[in-house]
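Protein sequence lines, in the order shown, are assigned to chains H and Y. Under the numbering used here, read the first sequence as residues 5 to 152, first letter to last. Under the numbering used here, read the second sequence as residues 5 to 152, first letter to last. By construction, the Cβ of each residue, glycine as well, lies at the ideal position given by its N, Cα and C atoms. Structure first, then comments.
Number of protein chains: 2
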Amino acid sequence: MQGDVKLLTPVEVGAWRGFLRAHAELARELDDELVAEHGLSLRGYEVLLLLHESPRGRLRMSDLADQALLSLSGTTRVVDRLAREGFVRRTRVEGDGRGVEARPTKAGTRLFRQARATHLAGVRARFLSHFSVAELDALAATWERLRA
Amino acid sequence: MQGDVKLLTPVEVGAWRGFLRAHAELARELDDELVAEHGLSLRGYEVLLLLHESPRGRLRMSDLADQALLSLSGTTRVVDRLAREGFVRRTRVEGDGRGVEARPTKAGTRLFRQARATHLAGVRARFLSHFSVAELDALAATWERLRA
DNA sequence: TGCATATTCTTGCGCGAGCAAGTACTCTAC
DNA sequence: GTAGAGTACTTGCTCGCGCAAGAATATGCA
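Set out below in structure tokens:
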């Protein structure tokens, strides 16, 4: 019965489960850190990041959803929360009455900058610092390869 | 203001966000696949896997929680669901009346073997197949390094 | 022994997520 | 210009998760 399926080799298990475990632990730690120091979830940070990175400093809900790998309804609620706390504002899209854009308020930008310092330090300490530039390059290429 | 913080280099961004994105997409796809073909969540699969891998074919709730990187209460509910569907059974731990062990039923083992075929094929197709053995080895070493 | 403390698991509660249905607006075709 | 189809977002619902409190059992120590 076991023989029906070819199981993974130890190396394969190491590469795959290590990946899963690394992600689970990093995500949890980085989220805890942001929440503890800024009261901002990793999701909230990600949204503020995407907004700040976008060319016009704002994004339509659907674009935000795409970039955040989040459902549209999920995006609505993240933006709800950020808006309720005063970090983001909704505006109607010029020329399309159906559309809504989210953009950071001043307070949102301030929070983002502070949170970014924490977050980048965390990512460096827990992830980036373990690799040489060449290794980072190899990793980046790795992820790129998966997308094809 | 921007100058206060040293931002990530493009390579760093590629390595880090690629990692996040790869995980998000793989996890979603593999979960969808298992649910569609076997009505089993990735969590449920993981629990069945851990139970089947464990030396005695069963695990205490707390050990299962540790290995699954899940809270104890979360573990209680996953096992609840699997038990309700008849794939897992709870038994009291011999010699410790507080303890509970989970172990697969026959149906659970059958489901696991079927799901494993699907899942391994999915992991190979979406992840493992993109790498040489040497690359897998490097990846495994990568994750090992993060744990220290 | 017997009582306080610790351990193991479950339960109550609230939150963040997705799906499907609802609402509001736009576009197409006649 | 208006009906019907399409698009963009929000809302209702349900589910999975963690935390904190609770229940049951075990342990330590007088």
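If residue i and residue j are in contact, beta carbons under 8 Å, what's the gap, nearest whole angstrom?
i: residue 34 of chain Y; j: residue 123 of chain Y; result: 7 Å
i: residue 68 of chain H; j: residue 119 of chain H; result: Wrong, their Cβ atoms sit about 18 Å apart, outside the cutoff.
i: residue 113 of chain H; j: residue 90 of chain H; result: Not confirmed; about 12 Å, so no contact.
i: residue 28 of chain H; j: residue 73 of chain Y; result: 5 Å
i: residue 66 of chain H; j: residue 76 of chain H; result: 6 Å
Apart from the five residues on each side of it in sequence, which residues of its chain come closer than 6 Å, Cβ to Cβ, to residue i?
i: residue 103 of chain Y; result: 64 and 97
i: residue 59 of chain H; result: none
i: residue 82 of chain H; result: 47 and 51
i: residue 71 of chain Y; result: 54
i: residue 78 of chain Y; result: none
Of all Cβ atoms in chain Y, is any one closer than 8 Å to the Cβ of residue i?
i: residue 67 of chain H; result: no
i: residue 115 of chain H; result: no
i: residue 33 of chain H; result: no
i: residue 63 of chain H; result: no
i: residue 81 of chain H; result: no
i: residue 144 of chain H; result: yes
i: residue 120 of chain H; result: yes
Shorter than 8 Å from the beta carbon of residue i to some beta carbon of chain H?
i: residue 111 of chain Y; result: no
i: residue 76 of chain Y; result: no
i: residue 140 of chain Y; result: yes
i: residue 54 of chain Y; result: no
i: residue 23 of chain Y; result: yes
i: residue 123 of chain Y; result: no
i: residue 42 of chain Y; result: no
i: residue 38 of chain Y; result: no
i: residue 18 of chain Y; result: yes
i: residue 148 of chain Y; result: yes
i: residue 129 of chain Y; result: no
i: residue 87 of chain Y; result: no
i: residue 137 of chain Y; result: yes
Tell whether a beta-carbon distance below 8 Å holds between residue i and residue j.
i: residue 132 of chain H; j: residue 16 of chain Y; result: yes
i: residue 55 of chain Y; j: residue 62 of chain Y; result: yes
i: residue 121 of chain Y; j: residue 9 of chain H; result: yes
i: residue 86 of chain H; j: residue 127 of chain H; result: no
i: residue 44 of chain H; j: residue 115 of chain H; result: yes
i: residue 26 of chain Y; j: residue 24 of chain H; result: no
i: residue 30 of chain H; j: residue 130 of chain H; result: yes
In terms of DSSP beta bridges, what is residue i paired with?
i: residue 105 of chain Y; result: Y/64 and Y/95
i: residue 100 of chain Y; result: Y/97
In chain order, what residues of the same chain have a beta carbon less than 8 Å from the beta carbon of residue i, not counting five sequence neighbours either side?
i: residue 146 of chain Y; result: none
i: residue 5 of chain H; result: Low per-residue confidence applies at residue 5 of chain H: pLDDT is 49, beneath 50, and the placement is therefore not dependable enough to give any value.
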